[in-house]
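Using the working numbering, the letters of the sequence shown correspond one by one to residues 285 to 422. Just so it is clear, CB atoms sit at the ideal spot from N, CA and C, and this is done for glycine as well. What follows is one structure encoded as structure tokens, with my remarks underneath.
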Amino acid sequence: MYSKAAEASCRTGQAPAPGGTPRVSQLSQLVRDEMRLAQAEMTEKGKRFGKGRGLFGGAGLMGVLTLQALVATVIAALSLAMDVWMAALIVTGVLAAVTALMAALGKQQVSKASPPTPQRTVDSVKADAAEIKERAQR
285 MYSKAAEASC
295 RTGQAPAPGG
305 TPRVSQLSQL
315 VRDEMRLAQA
325 EMTEKGKRFG
335 KGRGLFGGAG
345 LMGVLTLQAL
355 VATVIAALSL
365 AMDVWMAALI
375 VTGVLAAVTA
385 LMAALGKQQV
395 SKASPPTPQR
405 TVDSVKADAA
415 EIKERAQR
């Protein structure tokens, strides 16, 4: 069974060769049609990807606003038991501690990823090159 592009090229008036297989001229047209179809499909996917990224960005912004409202709510709740300035100071201290912890963990992960070269692959390629040189000298 042929793809839509193959069917389209057959509808252009080019009859398939005996046995149902396309001719050489039809194959080049088929390849062009398939490439156009792939390009159209990738364009559509790119548009959807862009819209999705925009929506994720909007969701991130709304998440930040939600967290700000939550912080204000926690400060307001704590202010029922203590002065507002003390409640705000406590919440700020907790947020600062969480920030410091996340920064330290992030730095640790980045350090493990440095340098950004695929070191195992480089070593493997060097070993392969040495093996090829050794075999070439035999």
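For a test of the three-state rule: what should DSSP assign to residue i, helix, strand or coil?
i, result
"M366", "coil"
"R425", "As shown, the chain starts at 285 and ends at 422. That puts residue 425 outside it, with no answer to give."
"V409", "helix"
"A414", "helix"
Please classify residue i as buried or exposed, where buried requires at least 16 neighbouring CB atoms within 10 angstroms.
i, result
"L385", "exposed"
"L364", "exposed"
"D317", "buried"
"Q313", "buried"
"Q310", "buried"
Among the candidates the options, whose CA atom is the shortest distance from the CA of residue i?
i, options, result
"V375", "G390, V355 and M366", "V355"
"M370", "I359, A380 and L379", "I359"
Would a check of beta-carbon distances place residue i closer than 8 Å to chain B?
i, result
"T383", "Protein chains in the displayed structure number just one, and chain B is not present."
query = Taking only runs of the alpha helix (DSSP H) that begin and end inside the region 336–407, which ones reach a length of at least 4 residues, in chain order?
reply = 368–397
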